[in-house]
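Protein chains in written order, with our numbering: chain A, 1 to 380; chain B, 1 to 339.
Here a beta-carbon is modelled for each residue, glycine too, at the ideal position from N, C-alpha and C.
Everything numeric in this text was worked out from a predicted model, so none of it was measured.
Below is one structure, written out as structure tokens; the observations come after it.
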Amino acid sequence: MTASIRQMGVITAHLIRKVAFNPAVVWLIAMPLVIIYILGITMHGLFSAEFTPVKPYRIVVALPEEAGFLVERISRAPKHFAVEEARDAQEARQAVFQRQADAAIVAADGDEPLTVIAPPGSIVLEMLAGVVQASLEQEAQQVAAAQPPVENGSREESDTGARSAGAADGALSAMPWEGVGSFEYFSIGLIVMFMAFASHSAMVHCVQDRSTGAYLRIRALGVTRAVYLGAGITSGMLLGAGFSLVMAVITWTLFRVVWGNAAAWALMTIAGAASVASLSFLLTALLPSDPKGVENAGGTVYSLLAFFGGSTVPLTIMPRWFSEIFSWLPNRKMLDGYLKIVKGAGVKEIEQELFGLAAAALIMLGLAWLVVMLLKREEV
Amino acid sequence: MATHAAVQEARGQAAGDPSIVVEGLRKSFGKNVAVDGLSFTVHPGEIFGLLGPNGAGKSTTLSIMAGLIRPDSGDVKIGGHSVIRETQRAQRLMGVVPQGLAVYEELTAAQNLDYFAKLRGIEKKRRRQEIEEILELVGLSGVAHRKVAQYSGGMKRRLNVGIGLLGRPRVLLLDEPTVGIDPQSRRHILDSVRRLAESGMAVVYTTHYMEEVEYLCSRLAIIDRGRVIAHGPIDEVRALAGDAVVLRLPFPRGVLDEAAKVESLQNTLPMPVEVTSGELRIVLPQGSRQAPAVIEELQRHGVPLDGMRLESPNLETVFLSLTGKALRDGKAAEEGAMA
Numbered sequence: 001m002t003a004s005i006r007q008m009g010v011i012t013a014h015l016i017r018k019v020a021f022n023p024a025v026v027w028l029i030a031m032p033l034v035i036i037y038i039l040g041i042t043m044h045g046l047f048s049a050e051f052t053p054v055k056p057y058r059i060v061v062a063l064p065e066e067a068g069f070l071v072e073r074i075s076r077a078p079k080h081f082a083v084e085e086a087r088d089a090q091e092a093r094q095a096v097f098q099r100q101a102d103a104a105i106v107a108a109d110g111d112e113p114l115t116v117i118a119p120p121g122s123i124v125l126e127m128l129a130g131v132v133q134a135s136l137e138q139e140a141q142q143v144a145a146a147q148p149p150v151e152n153g154s155r156e157e158s159d160t161g162a163r164s165a166g167a168a169d170g171a172l173s174a175m176p177w178e179g180v181g182s183f184e185y186f187s188i189g190l191i192v193m194f195m196a197f198a199s200h201s202a203m204v205h206c207v208q209d210r211s212t213g214a215y216l217r218i219r220a221l222g223v224t225r226a227v228y229l230g231a232g233i234t235s236g237m238l239l240g241a242g243f244s245l246v247m248a249v250i251t252w253t254l255f256r257v258v259w260g261n262a263a264a265w266a267l268m269t270i271a272g273a274a275s276v277a278s279l280s281f282l283l284t285a286l287l288p289s290d291p292k293g294v295e296n297a298g299g300t301v302y303s304l305l306a307f308f309g310g311s312t313v314p315l316t317i318m319p320r321w322f323s324e325i326f327s328w329l330p331n332r333k334m335l336d337g338y339l340k341i342v343k344g345a346g347v348k349e350i351e352q353e354l355f356g357l358a359a360a361a362l363i364m365l366g367l368a369w370l371v372v373m374l375l376k377r378e379e380v
Numbered sequence: 001m002a003t004h005a006a007v008q009e010a011r012g013q014a015a016g017d018p019s020i021v022v023e024g025l026r027k028s029f030g031k032n033v034a035v036d037g038l039s040f041t042v043h044p045g046e047i048f049g050l051l052g053p054n055g056a057g058k059s060t061t062l063s064i065m066a067g068l069i070r071p072d073s074g075d076v077k078i079g080g081h082s083v084i085r086e087t088q089r090a091q092r093l094m095g096v097v098p099q100g101l102a103v104y105e106e107l108t109a110a111q112n113l114d115y116f117a118k119l120r121g122i123e124k125k126r127r128r129q130e131i132e133e134i135l136e137l138v139g140l141s142g143v144a145h146r147k148v149a150q151y152s153g154g155m156k157r158r159l160n161v162g163i164g165l166l167g168r169p170r171v172l173l174l175d176e177p178t179v180g181i182d183p184q185s186r187r188h189i190l191d192s193v194r195r196l197a198e199s200g201m202a203v204v205y206t207t208h209y210m211e212e213v214e215y216l217c218s219r220l221a222i223i224d225r226g227r228v229i230a231h232g233p234i235d236e237v238r239a240l241a242g243d244a245v246v247l248r249l250p251f252p253r254g255v256l257d258e259a260a261k262v263e264s265l266q267n268t269l270p271m272p273v274e275v276t277s278g279e280l281r282i283v284l285p286q287g288s289r290q291a292p293a294v295i296e297e298l299q300r301h302g303v304p305l306d307g308m309r310l311e312s313p314n315l316e317t318v319f320l321s322l323t324g325k326a327l328r329d330g331k332a333a334e335e336g337a338m339a
């Protein structure tokens, strides 16, 4: 047992040294910093409460008279919206479809609910939906009558991806990225993404050991397979966590990202590092003798995860269904967890993310071990 | 033999007790039988050769002996300990030199040795002393603190061998340790292996270079497709060729329609015919008296006879006469020629 721990320590230290002293580590740190800077600057407007578009958005409305208050409210922000009236709902829709307007608000006579029409995930949709919802609520409070001016129900028009006004504030306000600045968001997103690359590099070295014969040599020195693989995973975890720590300090220094509760951050980092190291272990188990293949597979998988998990394209501009269906991804759990932490959450508030990451790590470890036992069953 | 006995006594081992016992080893991967009933013993101070072409099962045998792969049947005992039941005890007695360059190029030779010595569990004080000894033995003392990436192929191979010597093993398993290196480094490695055996180490040396086996080994097994086709002291194995000689002549590509010509010769001549690296080899089992008839047949096929020569029997002759094919494939032969 003591010998195994010693051996695991030696291999872990060696793998960490191999990665940490590699010139590629400069790329690993410099690349996300550059991306954070560029995205932080260019996407600043998306995350700012004082956002104003270059030109006011063209809004076409087709509303009954009793909804006139809405037109009046929207017109109060001339820097944001330029309102035109359409003859009917059909004309308003056409204006959006033909790109003569950026968005439309329609409501037919009778019981048909109020609908905002705009391209899915667009800024104008987010802004307009918020304003409409706020106006409806304010009006409802003022007119304490049985019949509201327009129905408070809402629906989405799937062909244009329009979002209902009613959806704007309720659920969205609970989203972790609400109220976070662009530098904070992208610092978290890019750290989550590149943490996986850092962790994966340790596992790539394990596969290289197999192809050079170093693995045979190490095993012949009395190192068991479990100890060797354990050292690989531990190295991956430590490298991932170490990378996060270094990047947290740099982003705090350069971009003034305040990382919040230290205990919550540490737990989230450990759980996140465990999950990415486990995923890397699964990839190496599937391609045990192909270092280049493992490297490329890692690059592809982690880039896709970064996209779907909101690291590279902010979830603020993605359709709601997109952020919902990928919310189970481990890197998305990390993103949500860190976003909550920078907004002031403690350990208790991120319990859900921590459990999710721990479960993901355990499942992937189990799967990877199963694959190892199947593909390398002749090994002792 | 006197030296051999003295070494055995010095090591406190009863004379005649082998350091390595391989018994009925068999291993298959699916339908492919990699090792098929391999048995041999190696005594302290002895270098045992495992000779065979690429894919013969040499590396699989070594992986089983190193305790990495479990055989389907049979056993390997190192110093009396089964690698199956007492893997770690057996491993403590052996050093392994893999076929690949199992060294870390971003580290220096000293750092490489230190890393593997730590894994072996050699304590700090002894570690330093051993590393210095090994660096001296493999001739890398002067460049011990230079990164391995800056070494020549031969120096890397020497380091590869050196790492296998950590912990002063009683048994050394070498898997083609001289592939693709310069003659000087090859000679250095071969001489080092000889010296190690003289100090009492039992060595298993796998290769497809028959000249290395002839230089180093007292006994050998020739294996092909996992099966032993010849086994015993080197002179006895060589004698299996009987009166056979090999007729060799250059067979440059492009001059002739190689494949068709060889196929026609193989169909016509009642003896093994092989083309390797631009050379035609024909085994004459009954010696040179068969040469005139063969030459006549070659002329009839339009094969140019310039540079033709007859070669005395050697291990390659044995392999060729027993299997009908060359010991080295084209690529391996080219590597050997380059070295």
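> Thinking C-beta only, is Q99(B) closer than 9 Å to P177(B)?
Replying inline: yes
>> Out of M318(A), E295(A), R332(A), which one is the CA nearest neighbour of M268(A)?
In response: R332(A)
> What residue ranges within the region 36-121 of chain A form continuous alpha helix (DSSP H) runs of no fewer than 4 residues, ordered along the chain?
Replying inline: 44-47, 68-75, 89-97
>> Cutting at 6 Å between CB atoms, please list the residues of its own chain near A62(A), excluding the five before and the five after it.
In response: A86, D88, A89, A92, V106
> When DSSP labels each residue in this structure, what does E105(B) get in the three-state scheme?
Replying inline: coil
> Among all the DSSP beta bridges, which residues are the ones paired with H81(B)?
Replying inline: I78(B)
> Does the distance from the CB of L174(B) to the CB of V97(B) come in under 9 Å?
Replying inline: yes
> Listed from N- to C-terminal order along the chain, which residues in the region 73-96 of chain B have their beta-carbon within a distance smaller than 7 Å of any beta-carbon of chain E?
Replying inline: Absent here is chain E; the protein component of the structure consists of chains A and B.
>> Just to confirm my understanding: we take S63(B), look at its own chain, exclude 5 residues before and 5 after, and list those with CB closer than 6 Å. What are they?
In response: I69
> Between which two residues does the beta strand (DSSP E) carrying M94(B) extend?
Replying inline: 94-97
> Does the region 123-134 of chain B come close enough to the region 214-228 of chain A that 3 or more CB-CB pairs lie under 8 Å?
Replying inline: no
> My guess is that L357(A) and S275(A) are in contact by the Cβ rule of under 8 Å, so how many angstroms apart are they, rounded?
Replying inline: 5 Å
>> At a CB distance below 9 Å, what residues from the region 201-212 of chain A approach chain B? Give them in sequence order.
In response: D209, S211, T212
>> For A244(B) and P285(B), which I take to be in contact (beta-carbon distance under 8 Å), what is that distance rounded to the nearest angstrom?
In response: 5 Å
> For C217(B), which residues from the same chain have a beta carbon less than 8 Å from its beta carbon, with the 5 sequence-adjacent residues on both sides left out?
Replying inline: I47, F48, G49, Y205, I234
>> Looking at L33(A): is its Cβ nearer than 9 Å to the Cβ of T212(A)?
In response: no
> So is R99(A) buried or exposed if we call it buried at 16+ other beta carbons inside 10 Å?
Replying inline: exposed
> From Y215(A) to I11(A), what distance separates their C-alpha atoms?
Replying inline: 11 Å
> What's the gap between the Cα of W27(A) and the Cα of S185(B)?
Replying inline: 38 Å
> Counting pairs of beta carbons, one from the region 305-312 of chain A and one from the region 183-194 of chain A, are three or more of them closer than 8 Å?
Replying inline: yes
>> Measuring CB atoms only, is the region 125-144 of chain A touching the region 67-81 of chain A, in the sense that at least three cross pairs come out at less than 8 Å?
In response: yes
> Does the Cβ of A202(A) have 16 or more other Cβ atoms within 10 Å, making it buried, or fewer, making it exposed?
Replying inline: buried
> Apart from the five residues on each side of it in sequence, which residues of its chain come closer than 7 Å, Cβ to Cβ, to E23(B)?
Replying inline: S39, G74, D75
> From A168(A) to M175(A), what distance separates their C-alpha atoms?
Replying inline: Unreliable positioning characterises A168(A) in this predicted model, as indicated by a pLDDT of 34, which lies under 50. The coordinate reading is nonetheless provided below. Approximately 11 Å between the Cα atoms of the pair.
> Is there a Cβ from chain A that is less than 9 Å from the Cβ of S19(B)?
Replying inline: no
> Does the beta carbon of K18(A) sit closer than 9 Å to a beta carbon anywhere in chain B?
Replying inline: yes
> Whose C-beta lies closer than 6 Å to the C-beta of D191(B) among residues of the same chain, with five residues either side of it excluded?
Replying inline: none
> Hey, is the region 275-295 of chain A in contact with the region 360-368 of chain A, meaning 3+ C-beta pairs nearer than 8 Å?
Replying inline: yes
>> Counting only beta-carbon separations shorter than 9 Å, does S185(B) have a partner in chain A?
In response: no
> Hey, how far is the Cα of F326(A) from the Cα of A149(B)?
Replying inline: 44 Å
>> If I follow the unbroken alpha helix (DSSP H) through H231(B), where does it start and stop?
In response: Careful: H231(B) lies outside any alpha helix (DSSP H), inside the beta strand (DSSP E) at 227-233.
>> I'd like to know if E295(A) contacts chain B, where contact means its C-beta is closer than 9 Å to some C-beta of that chain.
In response: no
> DSSP puts S28(B) in a beta bridge; with which residues?
Replying inline: V33(B)
> Along the chain, where does the beta strand (DSSP E) that runs through Y151(B) open and close?
Replying inline: Premise fails: Y151(B) is in no beta strand (DSSP E) and is neither H nor E.
> According to DSSP, is L310(B) helix, strand or coil?
Replying inline: strand
>> Quick check on G230(A) - is its C-beta less than 9 Å from some C-beta in chain B?
In response: no
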